[in-house]
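Encoded as structure tokens, the structure appears first; notes follow it.
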Amino acid sequence: MRFFIIVTILLSVFSGMVLAKDRYPFTSVTQQRQFEQLTNEMRCMVCQNESLADSNSGFAEDMRSKIYKMVKEGRSDQQIVQYMTKRYGYFVSFNPPFYRETYVLWLAPLLLLVIAVFIGRSVHKKYRGR
Amino acid sequence: MMKLFKALIPLVLFSLIVVFLLKGLQHDPRTVPSTLLGKPMPTLSGINPTFFHNRVTLLNVFASWCLYCRAEHPVLMDIAQTKRLYMLGLDYKDQADKVSVFLKQYGNPYSKVIADPKGRIAISLGVYGTPETFLIDKKGRIRYKHVGPLSPDDWKNTLQPLVHQLIEEL
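Chains as they are written, first to last, in the numbering used here: chain A, 25 to 154; chain B, 732 to 901.
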């Protein structure tokens, strides 16, 4: 019984992936991978924190078909990302470049880490003697 | 003194967090600044770039199924009445028969309506929902973008002054 349930769950999960492949057929594996990577790296603008690959919204569908078209035309990753960021800003990318507008985003975790280490050390110092 | 200072640290940190969270609450995650501002209109399928030359264009992305568009429609009708702008409508993911009923019922403010049944033109404009409104200057550059329905105040306080300025430009 448990086996049956697990198989059903797995099938329902993977059926979505198979469907996506049928909608956007590729003859080349490289292009297929490029398409998958790009749609995973880009944000669905109308959803909160969902990638284009994950979202079922009509907007994500349109973006996917646009990316599909560009991949089929043989455009490079860089060209496609540039096309999208030119229109939707760096917000569209889950992997934004290190740039004037984005440096806070990139440096904040590092800064927080430094602060955490600093606090940890001072706490450690205080209690070591006891 | 030092002790008091140290005791205040958590309070300061807490208020900082509160300030940022409050800011986050007021920020609408759907409004994203357009990166196309000041840039020429992207080439749209079916529209010659010279189409925008020598006139100020208001490009409104709408759809008959979009309720917010219905809400802003009277504002667009008023703007069209001033006859100072070329009103271009982009009919987003819609059906021809439905949009003609819509425009008959509520009035047609547009000089021209372009159909975008698959949303392709919208993507090339960086549009991600309806309604959105662009102002395009006489050289075909995007000068303003408004996301969401236009209120009479938006028009009076923000768009209209800019339109006057754009008309004055050579």
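The C-beta atom is built at its ideal place from N, Cα and C for all residues, glycine as well.
Would you mind working out which of B:LEU816, B:ILE854 and B:THR861 sits nearest B:GLU803, comparing C-alpha positions?
In the second sequence, residue 803 of chain B corresponds to position 72, counting from 1. The candidate whose alpha carbon is nearest that of B:GLU803 is B:THR861.
Per DSSP, what kind of secondary structure is B:VAL858 in: helix, strand or coil?
The count along the second sequence starts at 1 and reaches residue 858 of chain B at position 127. Looking at B:VAL858 - three-state DSSP - the assignment turns out to be coil, as it is neither helix nor strand.
With distances taken between CB atoms, is the gap from A:MET69 to A:TYR114 smaller than 7 Å?
The sequence position of residue 69 of chain A within the first sequence is 45, counting from 1. The sequence position of residue 114 of chain A within the first sequence is 90, counting from 1. Not a contact, by the Cβ cut-off of 7 Å.
Less than 8 Å between the CB atoms is what I'm expecting for B:ASP868 and B:VAL792, so what's the real figure, rounded?
The count along the second sequence starts at 1 and reaches residue 868 of chain B at position 137. The count along the second sequence starts at 1 and reaches residue 792 of chain B at position 61. B:VAL792 and B:ASP868 do not touch by the CB rule: their CB atoms are close to 18 Å apart, not below 8 Å.
Of all the CB atoms in chain B, is at least one closer than 7 Å to the CB of A:VAL141?
In the first sequence, counting from the first residue as 1, residue 141 of chain A sits at position 117. It does not: the Cβ of A:VAL141 has no partner Cβ on chain B nearer than 7 Å.
Per DSSP, what kind of secondary structure is B:VAL844 in: helix, strand or coil?
Translated into positions along the second sequence, residue 844 of chain B becomes position 113. B:VAL844 falls in the strand class under three-state DSSP.
For A:VAL53, which three-state DSSP category applies?
Counting from one through the first sequence, the residue named residue 53 of chain A turns up at place 29. In the structure shown, the three-state DSSP call for A:VAL53 is helix.
At a Cβ threshold of 7 Å, is B:THR766 touching chain A?
Position 35 of the second sequence, counting from 1, holds the residue named residue 766 of chain B. Cβ-Cβ to chain A under 7 Å: yes for B:THR766.
For chain B, check one thing: does any of its Cβ atoms lie closer than 7 Å to the Cβ of A:ASP78?
For the purposes of this step, residue 78 of chain A is taken as the residue at position 54 of the first sequence. A:ASP78 does not count as touching chain B.
Along the segment 828-843 of chain B, what residues have a CB closer than 9 Å to any CB found in chain A?
Result list empty, no residue passes.
DSSP has B:TYR817 in a bridge; who is on the other side?
Position 86 of the second sequence holds residue 817 of chain B. Paired residues: B:THR788.
What does a CB cutoff of less than 8 Å around A:THR54 pick up in its chain, not counting 5 residues either side in sequence?
The sequence position of residue 54 of chain A within the first sequence is 30, counting from 1. Cβ-Cβ distances below 8 Å link A:THR54 to nothing in the same chain once the five nearest sequence neighbours on each side are left out.
According to DSSP, is B:GLU863 helix, strand or coil?
Taking the first residue of the second sequence as 1, we reach residue 863 of chain B at position 132. Looking at B:GLU863 - three-state DSSP - the assignment turns out to be strand.
Can you look up A:VAL138 in the DSSP assignment and give me helix, strand or coil?
As a position in the first sequence, residue 138 of chain A is number 114, starting the count at 1. In the three-state reduction of the DSSP assignment, A:VAL138 falls in the helix class, which pools H, G and I.
Which residues does DSSP list as the beta-bridge partners of B:ILE873?
Position 142 of the second sequence, counted from the start, is the residue given in the question as residue 873 of chain B. Its beta-bridge partners are B:ILE867.
For B:ASP822, does the three-state DSSP call read helix, strand or coil?
For the purposes of this step, residue 822 of chain B is identified with residue 91 of the second sequence, where counting begins at 1. Here B:ASP822 sits in strand by DSSP.
My output table needs one value for A:VAL70: the three-state DSSP class, helix, strand or coil.
Along the first sequence, one-based indexing puts residue 70 of chain A at 46. Here A:VAL70 carries a coil assignment [DSSP, helix/strand/coil].
Hey, B:TYR823 and B:ALA853 are a contact pair by Cβ (cut 8 Å); roughly how many whole angstroms apart?
Working through the second sequence from its first residue, we reach residue 823 of chain B at position 92. Working through the second sequence from its first residue, we reach residue 853 of chain B at position 122. Contact holds; Cβ gap of about 5 Å.
Quick check: the segment 837-852 of chain B against the segment 776-785 of chain B, are there 3 or more CB pairs under 8 Å?
Three or more Cβ pairs closer than 8 Å define a contact, and the segment 837-852 of chain B meets that threshold against the segment 776-785 of chain B.
Does the Cβ-Cβ distance between B:ARG872 and B:PRO771 come in under 7 Å?
Taking the first residue of the second sequence as 1, we reach residue 872 of chain B at position 141. Taking the first residue of the second sequence as 1, we reach residue 771 of chain B at position 40. Cβ atoms of B:ARG872 and B:PRO771: closer than 7 Å.
Candidates B:LEU893, B:PHE865, B:PRO892 and B:LYS870, of which the one nearest B:PRO880 by Cα
To locate residue 880 of chain B, count along the second sequence from 1; it is residue 149. When each option's Cα is compared against that of B:PRO880, the closest is B:PHE865.
Let's test the definition: count the other Cβ atoms within 10 Å of the Cβ of B:ALA794 and tell me whether it reaches 16, buried, or not, exposed.
Position 63 of the second sequence holds residue 794 of chain B. B:ALA794 comes out buried.
Contact with chain B by A:ARG124, beta-carbon distance below 7 Å
Here residue 124 of chain A is taken as the residue at index 100 of the first sequence, counted from 1. Answer no: the Cβ-Cβ gap between A:ARG124 and chain B never drops below 7 Å.
Proximity winner among A:ALA77, A:TYR151 and A:MET94, relative to A:MET66 (alpha-carbon distances):
Start at 1 with the first residue of the first sequence, and residue 66 of chain A comes out as number 42. That would be A:ALA77, whose Cα lies nearest to the Cα of A:MET66.
Could you tell me whether the Cβ of B:ILE740 comes closer than 7 Å to any Cβ of chain A?
Within the second sequence, numbered from 1, the residue matching residue 740 of chain B stands at position 9. At a cut-off of 7 Å between beta carbons, B:ILE740 makes no contact with chain A.
Let me know the secondary structure DSSP gives B:PRO741 once reduced to three states.
By one-based count along the second sequence, residue 741 of chain B stands at place 10. If DSSP states are grouped into helix, strand and coil, B:PRO741 belongs with the helices.
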